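Peer 1: Supplied in structure tokens, the structure appears directly below.
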Amino acid sequence: MPELPEVETIVRTLRPHVCHRSITSAHVLRTSSVHPLSLPLECLEGCRIADVVRRGKILKFVLDVSDAPKQSLCHGDGLYMLVHLRMTGRLLVRSRDTVPGQYVRCLFVLHGPEGATQLFFEDVRAFGQVFVCTPSILAQWSFWRDLGPDPLHLDEEDFAARLMKKNAALKAVLLDQKFLAGVGNIYADESLFAARLNPRRKASSLTQEHSVRLLHCLRDVLRSAIKHCGSSIRDYCDANGNVGAFQNTFYVYGRAGQPCRCCGHTLQKLRVAGRSTVYCAVCQK
Ligand SMILES: [Zn+2]
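Here's what the structure looks like:
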């Protein structure tokens, strides 16, 4: 599943291809790939993509509706298109004459200075969704409203104070999207290793020093992964179809049974919060 660094990479690689382009037409090829609360995708026709931003693991297309013929559908309130990639979702920019493959769930024809292009929302497992909404509809979507802060923009004291209130295992807390938005299995394991903290340890047991160290490690791991254009384990690639390289630098994720890169002890695998977790029993206390 794409996590914060992968979604950030997709946003960055999409922007030059989609910003300031108009959406000429939008097509739904699989109905269940559109969120049940979504406005019809035809609302997008005539809209100009002003920007693409990230909130946690969700991409948000900010749309300029001033030239859209169907702007009455959004009551002049503004319009967003959210894309939740979930397990295997991808956003790919393709030439106008590319025929969509069998896993393309939604298709957008864009018009810009260089002519027409297509944006494909491709999703093999089809757990991902597109959600077209006004700011007021978005404010009512509980998943969005409850998303926690972005770990890249969180101050140390706030993080420590919030951790202290949590009795769950550290790994479970990091994965909780209401606690932090954007962290998944890979970056939870890697940042806990970097911070030398046991994934099963209770969050409330951390000292201020531990919390600060964990936040710094988490940010360093996420920033380094963004620099490497994310991690490609299975399906992930950026908007140009390129894979990331951070998987080559993993210390623990996917390395159970192999020696720890720091102490040589065999890395252990266990389940925390229902998720497979790899850690070093010697380095992480
Ligand atoms: Zn070790």
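In our numbering, each residue carries its 1-based index in the sequence shown increased by 23.
We treat Cβ as the ideally placed atom computed from N, Cα and C, and that holds for glycine.
Owing to the predicted nature of the structure, the values given are computational and were not obtained by experimental measurement.
1. At a cut-off of 7 Å, is Val305 close to ligand 1 when judged by its beta-carbon and the heavy atoms of the ligand?
2. If you measure between the beta carbons of Lys188 and Pro222, is that distance less than 8 Å?
3. So the beta strand (DSSP E) His134 belongs to, where does it begin and stop?
4. Compute the Euclidean distance between the alpha carbons of Ala296 and Tyr210, then round it to the nearest angstrom.
5. Can you tell me the Cα-Cα spacing of Thr230 and Ala183, whole angstroms?
6. Alpha carbons only, please: which of Thr121, Ser56, Ala162, Val147 is nearest the one belonging to Leu102?
7. What is the DSSP secondary structure of Ile72, reduced to helix, strand or coil?
8. Is it true that the CB of Leu52 sits closer than 8 Å to the CB of Phe154?
9. Whole angstroms are fine: how far does the CA of Glu68 sit from the CA of Leu237?
10. Any heavy atom of ligand 1 closer than 7 Å to the Cβ of Cys286?
11. Can you tell me which residues form a DSSP beta bridge with Cys283?
12. Going by Cα to Cα distance, which pick from Ser56, Leu170, Asp173, Phe216 is closest to Cys283?
13. Helix, strand or coil for Cys252? Go by DSSP, reduced to three states.
14. In angstroms with no decimal places, state the Cα-to-Cα distance between Val34 and Leu82.
15. To the nearest angstrom, how far is the alpha carbon of Ala218 from that of Met104?
16. Check whether the Cβ of Cys66 sits closer than 7 Å to any heavy atom of ligand 1, and report yes or no.
17. Is Cys129 near ligand 1, judged by its Cβ being under 7 Å from some heavy atom?
18. Is it buried or exposed, Phe166, if we count other Cβ atoms within 10 angstroms and call 16 or more buried?
19. My guess is that Phe144 and Val106 are in contact by the Cβ rule of under 8 Å, so how many angstroms apart are they, rounded?
20. Confirm, please, whether the CB-CB distance from Ala226 to Ala191 is below 8 Å.
21. Could you tell me the alpha carbon to alpha carbon distance between Cys240 and Ser214, rounded to whole angstroms?
22. Should Cys283 be listed as close to ligand 2, given that the test is whether its C-beta is under 7 Å from any heavy atom?
Peer 2: Taking the geometry as given:
1. yes
2. no
3. 127–135
4. 15 Å
5. 8 Å
6. Ala162
7. strand
8. no
9. 45 Å
10. yes
11. Answer by DSSP bridge pairing: none, since Cys283 is not bridged.
12. Phe216
13. coil
14. 7 Å
15. 36 Å
16. no
17. no
18. exposed
19. 6 Å
20. yes
21. 6 Å
22. Among the ligands modelled here, namely ligand 1, ligand 2 does not occur.
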